[in-house]
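A.B. asks: Numbering (UniProt numbering), first residue to last: 1 to 344.
To start, I am sharing the structure in question, which I have written as structure tokens.
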């Protein structure tokens, strides 16, 4: 795995095996709304509830919009269009009130001042020629710089950046995957960073002392343990979530069930010969069993009434379809008769 750790105040990123050089661009005009805006269905992504109003991330279609939601009144208003493609992540910066970071699928990170009447770009942006595929915000910690986050890319590279009031600083870049990074998560104690690839591999990085830099621990191969895929052959990882005590990583998949990976109690992993550390981890498959409550007599009567109404609706639909068929047949007959008269 390739790791690049910038050391300068304004670091320039090297090319660690496919990690292309970053480009800083001057503030640009926000993306304009497309003519087919109504055809693009809004899809709610992340929700930032750290302050009022809440900030809702719209990930539908090619939309790069953010919305403001006022919980007290239930009103929603569009903040503005931020990117030319869908928004992968959004983050506020506690140390800089009013500052907002957005990550667009096109490969751009942008900071905005959303306290103004018309939100505007507040600093230069950073962008890369590869698509951003996932976003992970670091938990607040005294020893960590505020506004720290990790961004995963389609070429398998993860970039750790720090958002400041005067720009976006690259802290570290590494390439744990040879495929798109689909999920990433910091442990609450900041000791471990985990990322998941499209091939279902999960890579773990560790931070020592109070250093902001992470070093590789190892990976768990997708088929190293059965719980990853008990019933399907095309399981995909869609998210990673750490437990509050930072000891367990929960792996969300695209079908019913969750994989739990438990860290070693000693946090000692044998990676001298191989980074495959599946043998140092405990696995558990969690499949929720839904217990359906026993319906009361009133609920049973209501259900029977609903079933009767549904049956009536189905009968009416059949009648309508039958009537349409009859009308269609009648038109065919009239057309045939008209053709016959013309021949005579």
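We put the CB at the ideal spot given by N, CA and C, even for glycine.
#1: Below 7 Å CB to CB, which residues in the same chain sit around residue 188 once its five sequence neighbours on both sides are set aside?
#2: Rounded to a whole number of angstroms, what is the C-alpha to C-alpha distance between residue 213 and residue 184?
#3: So, residue 133 versus residue 156, is the Cβ gap smaller than 7 Å?
#4: Could you pull the DSSP bridge partners for residue 92 from this structure?
#5: Per DSSP, residue 54 is paired with what?
#6: Compare the Cα-Cα distances from residue 74 to each of 54, 293 and 238 and report the closest residue.
#7: Give a yes or no on whether the C-beta atoms belonging to residue 158 and residue 181 are separated by under 7 Å.
#8: Terminal residues of the continuous beta strand (DSSP E) containing residue 164?
#9: So, using beta-carbon positions, are residue 201 and residue 215 closer together than 7 Å?
#10: What does the alpha-carbon distance come out to for the pair residue 106 and residue 253?
#11: In whole angstroms, give me the CA-to-CA distance for residue 165 and residue 287.
#12: Three-state secondary structure (DSSP) at residue 195?
#13: Shortest alpha-carbon distance to residue 198 belongs to which of 236, 211, 161 and 167?
#14: By how many angstroms is the C-alpha of residue 128 removed from the C-alpha of residue 191?
#15: Quick one: residues in its chain with C-beta nearer than 7 Å to the C-beta of residue 258, no 5 flanking neighbours on either side, listed in chain order?
#16: Roughly how many whole angstroms lie between the Cα atoms of residue 174 and residue 102?
#17: In chain order, what residues of the same chain lie with their CB nearer than 6 Å to the CB of residue 284, ignoring the 5 residues before and after it?
#18: Hey, could you find the ends of the beta strand (DSSP E) residue 179 is sitting in?
#19: May I ask you to list the residues that DSSP assigns as paired with residue 205?
#20: What are the start and end residues of the beta strand (DSSP E) that includes residue 284?
#21: Which residues in the same chain have their Cβ closer than 7 Å to the Cβ of residue 98, if we skip the five residues on either side of it in sequence?
#22: Using the Cα positions of residue 354 and residue 217, report the straight-line distance between them to the nearest angstrom.
#23: When DSSP builds the beta bridges, which residues end up paired with residue 153?
#24: State the Cα-Cα distance for the pair residue 71 and residue 94, rounded to the nearest angstrom.
#25: Per the DSSP calculation, residue 237 is bridged to which residue(s)?
#26: Residue 276 bridges to which residues according to DSSP?
#27: Kindly identify the DSSP beta-bridge partner or partners of residue 184.
#28: Write down the C-beta distance between residue 168 and residue 109 rounded to the nearest angstrom, noting that I regard them as a contact closer than 8 Å.
#29: Would you kindly work out how many angstroms separate the C-alpha atoms of residue 262 and residue 154, rounded to a whole number?
#30: Between which two residues does the beta strand (DSSP E) containing residue 138 stretch?
#31: I need the boundaries of the beta strand (DSSP E) containing residue 125, first residue and last residue.
C.D. replies: On the basis of the supplied data:
#1: Answer for residue 188: 139, 242, 244 and 246, listed in chain order.
#2: Rounded to whole angstroms, residue 213 to residue 184 spans 16 Å at the Cα level.
#3: With contacts defined by Cβ atoms closer than 7 Å, residue 133 and residue 156 do not form a contacting pair.
#4: Beta-bridge pairing by DSSP links residue 92 to 100.
#5: Per DSSP, the beta bridge partners of residue 54 are 69.
#6: Residue 74 has its Cα closest to that of 54, out of 54, 293 and 238.
#7: Yes, the pair counts as a contact, with Cβ atoms nearer than the cut-off.
#8: Counting along the chain, the unbroken beta strand (DSSP E) around residue 164 starts and ends at 158-164.
#9: Not a contact, by the Cβ cut-off of 7 Å.
#10: Each residue's alpha carbon lies about 25 Å from the other.
#11: C-alpha separation (whole angstroms): 44 Å.
#12: In the structure shown, residue 195 sits in a strand (DSSP, three-state: E or B).
#13: Minimum Cα distance to residue 198 is reached at 236.
#14: Looking at the two C-alpha atoms, the distance is approximately 28 Å.
#15: Counting only Cβ-Cβ distances below 7 Å, and skipping sequence neighbours, we find 250, 251, 252 and 286.
#16: The alpha-carbon separation between residue 174 and residue 102 amounts to approximately 21 Å.
#17: Apart from the 5 residues on each side of it in sequence, residue 284 sits with its Cβ closer than 6 Å to the Cβ of 260 in its chain, given in chain order.
#18: Element bounds for residue 179: n/a, residue is neither H nor E.
#19: Bridge partners of residue 205: 193 and 216.
#20: Residues 282-286.
#21: These residues qualify, in order along the chain: 113, 114 and 115.
#22: A question about residue 354 goes unanswered here, because the residues of the chain that appear run from 1 up to 344.
#23: Paired residue(s): 132.
#24: Computed Cα separation, rounded: 21 Å.
#25: 253, per the DSSP bridge assignment.
#26: Note: residue 276 sits in a beta bridge opposite 219.
#27: Its beta-bridge partners are 195.
#28: That pair is a contact at about 5 Å.
#29: One C-alpha to the other measures close to 27 Å.
#30: Per DSSP, residue 138 belongs to no beta strand (DSSP E) and is neither H nor E.
#31: 125-127 is the span of the beta strand (DSSP E), which, as asked, contains residue 125.
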